[in-house]
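Asker: So in this note's numbering, the last spot in the sequence shown is 139, and the numbers never skip. Quick reminder that beta carbons are idealized off the backbone N, C-alpha and C, glycines included. For clarity, every value in this text was computed on a predicted model and none was experimentally measured.
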Amino acid sequence: MPASPFPHIYNTDQAPKAIGPYSQAAAAGDLLFISGQLPIDPQTGEFASGGIEERSRQCLNNVTAIAQAAETDLSRAVKVNIYLTDMGNFERVNRVYAEYFAGEPPARLAIQVAGLPKNADIEIEAVISL
Numbered sequence: 010m011p012a013s014p015f016p017h018i019y020n021t022d023q024a025p026k027a028i029g030p031y032s033q034a035a036a037a038g039d040l041l042f043i044s045g046q047l048p049i050d051p052q053t054g055e056f057a058s059g060g061i062e063e064r065s066r067q068c069l070n071n072v073t074a075i076a077q078a079a080e081t082d083l084s085r086a087v088k089v090n091i092y093l094t095d096m097g098n099f100e101r102v103n104r105v106y107a108e109y110f111a112g113e114p115p116a117r118l119a120i121q122v123a124g125l126p127k128n129a130d131i132e133i134e135a136v137i138s139l
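(1) What are the uninterrupted segments assigned as alpha helix (DSSP H) that are 4 or more residues long and contained completely in the region 47-113, given in chain order?
(2) Quick check: what's the CA-CA separation for Asp39 versus His17?
(3) Near Tyr109, which residues of its chain fall below 6 Å by C-beta distance, leaving aside the five closest residues on each side in sequence?
(4) Count the C-beta pairs between the region 18-27 and the region 103-117 that are closer than 8 Å, then say yes if the count reaches three, no if not.
(5) Whose C-beta lies closer than 6 Å to the C-beta of Gly45 among residues of the same chain, with five residues either side of it excluded?
(6) State buried or exposed for Arg104, treating a residue as buried only when at least 16 other CB atoms are found within 10 Å of its CB.
(7) Any idea if Ala27 is buried or exposed, counting beta-carbon neighbours within 10 angstroms, 16 or more meaning buried?
(8) Assuming contact is defined by CB atoms lying nearer than 9 Å, are Val87 and Ala24 in contact in what I supplied?
(9) Mark Ala79 as exposed unless 16 or more other C-beta atoms lie within 10 angstroms of its C-beta, in which case mark it buried.
(10) I'd like to confirm the pairing. Which residues does DSSP put opposite Gln121 in its beta bridges?
(11) Which term fits Tyr31, buried or exposed, when burial requires 16 or more other beta carbons within 10 angstroms of its beta carbon?
This is how it looks when you write it as structure tokens:
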């Protein structure tokens with residue numbers, strides 16, 4: 010996609026619909042800004058079942074689906090932000106994260122927050138090069 014000074018909006022049914030007044034992703038120039046993804050299965054609209062590992066995978070699968078809708082992928086990720094309600098889950102989330110980012114991983118933030126939408130325990134957002 011050629012660089013454009015104006016944002017291009019991306020939405021796909023392969024990831025959960027936004028739960029508020031925002032898009033799944035917006036591109037500006039050669040960067041794709043993917044909104045925070047909760048561990049919601051787009052087929053059921055429910056949280057992924059299982060533990061933090063399964064919920065981490067669902068968040069990353071959602072980010073992947075949105076990236077693919079913009080014709081890019083996680084290998085082009087520049088920055089990933091992970092929001093956790095319990096930093097005790099950090100190591101388990103890292104193990105899953107490593108499955109998605111082999112080789113040189115992007116810059117990243119992992120931070121504990123007091124709460125997330127829908128009482129989720131994890132949310133992941135990303136900036137990916139187009």
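Answerer: Taking the coordinates as given:
(1) As summarised for the region 47-113, the continuous alpha helix (DSSP H) elements at least 4 residues long and confined to that stretch are 61-78 and 99-109, given in chain order.
(2) Those two C-alpha atoms are separated by around 11 Å.
(3) Closer than 6 Å at Cβ, skipping near neighbours: Leu69 and Leu83.
(4) No: the two stretches stay apart, fewer than three of their Cβ pairs being nearer than 8 Å.
(5) Excluding sequence neighbours, Gly45 sits near Glu132 and Glu134.
(6) With fewer than 16 other beta carbons inside 10 angstroms of its own, Arg104 counts as exposed.
(7) So Ala27 ends up on the exposed side.
(8) No; because the gap between Cβ atoms is not below 9 Å, this pair is not in contact.
(9) When all chains shown are included, Ala79 counts as buried.
(10) DSSP, once it has assigned bridges, lists Leu93 as partnering Gln121.
(11) Using a 10 angstroms sphere on the CB of Tyr31, the tally of other CB atoms stays under 16, which defines it as exposed.
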